[in-house]
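In the order they appear, the protein sequences are chains G and L.
Position 167, counted from 1, in the first sequence is what our numbering calls 167; the numbers after and before it change by one each time, with no gaps.
Each number in our numbering comes from the position in the second sequence (counting from 1) with 1000 added on.
Heads up, the beta-carbon is just placed ideally off N, CA and C, and yes, glycines get one too.
Okay, so here's the structure we're looking at.
Protein chains: 2
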Amino acid sequence: MLTERQEVILDFVREYQAAQSVPPSTREVARQFGCSQQGAAKHLQVLARKGQLAKLADGKWGLQARSVQAHLFEAPVYGAIPAGLPAMQEQEPEEIVAIDPAVFGVRQGRPGHFWFLRVTGDSMTGANILDGDLVALVRREPRPGDIIAALVDETTTTLKRLVHERGRALLRAANPRYADLAPQLLESQGVVVGVIRRVRAGNA
Amino acid sequence: MLTERQEVILDFVREYQAAQSVPPSTREVARQFGCSQQGAAKHLQVLARKGQLAKLADGKWGLQARSVQAHLFEAPVYGAIPAGLPAMQEQEPEEIVAIDPAVFGVRQGRPGHFWFLRVTGDSMTGANILDGDLVALVRREPRPGDIIAALVDETTTTLKRLVHERGRALLRAANPRYADLAPQLLESQGVVVGVIRRVRAGNA
DNA sequence: AGCATAGGTTGTCAGAAGACAACCTAGTGA
DNA sequence: TCACTAGGTTGTCTTCTGACAACCTATGCT
């Protein structure tokens, strides 16, 4: 639908508006892309015609506050983090949710600091975390008692509680059907700070 | 800290910016309050000096995008709704959370349509809703199987599942220790669409 | 009495904004 | 070949913006 050129210009407007709280002027867009004011103005008009931008109250071309803000509070949702932490940045999130991290007591951090994992399986039902739930995670050093997203076998991510017993670190599921794990190398991808569950009509 | 006059002007700027995505000009503020442009300009400068507003990239006085947006996605959290539904609007929320209702499959609605209730007690632990959780509710007609915030005795709000048995509507707790309720007059304040739980470090 | 603060006024000005007109150049499909 | 679109150019114009200067008037504190 959008050409490449239009795409990058739209991105610029988005970022500018998120940072400056005010859409860029046509001349600023022009300066950024090394073209004339009219060139930029035409692009913005085209983007507006295609529904990506709107003419705001003061005549400027920009995004509605709703759209800008959606990009400010958004946190990525992953289905699983197959490889190590560095790969997280590169991996495409399954979904994006817009929520203020402060709800979970997390101050706005760098990207990659706060993220969500969609829970699969019933290993944490004892901690009232169900299949399909979204768990909020932060990147920080896990403490005993924390529920963490742990990387085992370097392939899959599982949610387990970190416990210390007889001086050893163990991963314990909150479900008696699962045995403890005593990994050689314990890699934590994040510590659970919250749970979000969508309740559908009339489910059990 | 702020005078009355400054308070209402700040409110106007906030609302204007949330609606228009762009801060009002000094003249628009002046027009709104029936004073001169310079009168408005002075107020805005004072508000900026007091840290409530900032001078934005294009010279306008307005709020940062972060602040505007916080007011867009926010939903009220109530501890309990003592009186009937109409009173909800008037009651002061216990807290405000910023979250996109779309996370729970709710399209942005009128104010009062989407709200949160802080759960007290253990009557819904069987449905994995714990004491201290935030449940997201929407105002809509409840269907059998829904968990609803029900008003009983016209004083307190309780969370119960709506079930139909032998043609009668019952309120059933998700905890065997509580008996079913068969109220004469069933008033639903909202239907649960989601749960938010803040998980603290190392809790059980 | 003296002085700072909140709130207000009128007039004027320079700068920056978007818009318009007119024209150029590839590429693409009928 | 013709028409349409994407992308680009240079001028020029009007309108709106925030800012400045200068001054007025309460209130309230010292």
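Compute the Euclidean distance between the alpha carbons of G/Asn-203 and L/Gln-1189, then round it to the nearest angstrom. Model confidence at G/Asn-203 stands at a pLDDT of 48, short of 50, so the residue's coordinates are unreliable; what they give is reported in the following sentence. The straight-line gap from Cα to Cα measures roughly 19 Å.
Chain G contact residues for L/Asn-1128, given Cβ-Cβ distances below 7 Å: Residues of chain G with a Cβ closer than 7 Å to the Cβ of L/Asn-1128 are, in chain order, Asn-128, Leu-130.
Can you check which of these residues, G/Val-192, G/Ile-196, G/Arg-200, G/Val-199, is closest to L/Arg-1200 by C-alpha distance? G/Val-192
According to DSSP, what are the bridge partners of L/Ala-1040? According to DSSP, L/Ala-1040 bridges with nothing at all.
CB contact check: G/Ala-41 to chain L, cutoff 8 Å: Chain L, which has no Cβ nearer than 8 Å to the Cβ of G/Ala-41, makes this no.
Looking at chain L, is there any beta carbon in it that lies within less than 8 Å of the beta carbon of G/Ile-147? yes
Counting only Cβ pairs nearer than 9 Å, list the residues of chain L close to G/Gly-194. Correct list: Ile-1196, Arg-1197, Arg-1198, Val-1199.
Determine, using beta carbons only, whether L/Lys-1055 comes closer than 8 Å to chain G. Not an interface residue.
Limits of the alpha helix (DSSP H) - the one that G/Leu-137 falls within: Looking at the DSSP string, G/Leu-137 is not in any alpha helix (DSSP H); the run it does join, the beta strand (DSSP E), is 134-138.
Would DSSP call G/Thr-158 helix, strand or coil? strand
Residues near L/Lys-1060 by beta carbon distance below 6 Å, same chain, minus five either side: Pro-1023
Would you be able to state if there are at least three C-beta pairs under 8 Å between the region 1006-1016 of chain L and the region 1028-1038 of chain L? yes
From what residue to what residue does the alpha helix (DSSP H) around G/Ile-9 run? 4-20
Check each residue of the region 1008-1020 of chain L: if its Cβ is closer than 9 Å to any Cβ of chain G, include it; give the result in chain order. Tyr-1016, Gln-1017, Ala-1018, Ala-1019, Gln-1020
Is the CB of G/Lys-60 under 8 Å away from at least one CB in chain L? yes
Segment limits, beta strand (DSSP E) that includes L/Val-978: The requested residue 978 of chain L does not occur in the structure, where chain L is confined to residues 1001 to 1204.
Alpha carbon of L/Pro-1086 to alpha carbon of L/His-1113, nearest angstrom: Residue placement at L/Pro-1086 is poorly supported in this model, since its pLDDT is 44, which falls under 50; the coordinates still yield a value, given next. Approximately 12 Å, taken between the alpha carbons.
Cutoff 8 Å: L/Phe-1033 Cβ touching any chain G Cβ: no
According to DSSP, is L/Phe-1116 part of a helix, a strand, or is it coil? strand
Sorted by chain position, which residues of the same chain lie with C-beta nearer than 6 Å to L/Ile-1196's C-beta, five sequence neighbours on each side aside? Leu-1134
Which first and last residues belong to the alpha helix (DSSP H) in which G/Glu-74 is found? If you look at G/Glu-74, you'll find it isn't in any alpha helix (DSSP H); it sits in the beta strand (DSSP E) that goes 74-78.
Neighbour flag for G/Phe-114 against chain L, beta carbons, 8 Å: no
Since G/Val-22 meets chain L, which of its residues come closer than 8 Å, beta carbon to beta carbon? Val-1022, Pro-1023, Leu-1056, Ala-1057, Asp-1058, Lys-1060, Gly-1062
Which class does L/Ala-1098 belong to by DSSP, given the choice of helix, strand or coil? strand
Pull up the distance between the alpha-carbon of L/Pro-1101 and that of G/Trp-115, whole angstroms please. 18 Å
With 8 Å as the threshold, decide whether the Cβ of L/Asp-1180 is near any Cβ in chain G. It does not: the Cβ of L/Asp-1180 has no partner Cβ on chain G nearer than 8 Å.
Go through its chain and collect everything with a Cβ distance to L/Ser-1123's Cβ below 6 Å, but skip five positions before and after it. So the list reads Ala-1173, Asn-1175, Tyr-1178, once near-sequence residues are dropped.
If you measure beta-carbon to beta-carbon, which residues of the region 1092-1105 of chain L are closer than 7 Å to chain G? Val-1097, Ala-1098, Ile-1099, Asp-1100, Val-1103, Phe-1104, Gly-1105
Could you give the distance in angstroms between the alpha-carbon of G/Pro-82 and the alpha-carbon of G/Leu-185? Its pLDDT being 48, under 50, G/Pro-82 is placed unreliably in this model, and the coordinates cannot settle the point.
Check whether the Cβ atoms of L/Lys-1055 and L/Ala-1048 lie closer than 8 Å to each other. yes
Should G/Arg-139 be flagged as near chain L, meaning a C-beta pair shorter than 8 Å? no
Taking the alpha-carbon positions, what's the L/Glu-1095 to L/Leu-1117 distance? 10 Å
Give me the residue from G/Gly-34, G/Ser-36, G/Leu-44 with the minimum Cα distance to G/Arg-14. G/Leu-44
Could you tell me the boundaries of the beta strand (DSSP E) in which G/Val-103 lies? Note, G/Val-103: premise wrong, no beta strand (DSSP E); not H, not E.
What's the C-alpha gap between G/Ala-57 and G/Gly-145? 52 Å
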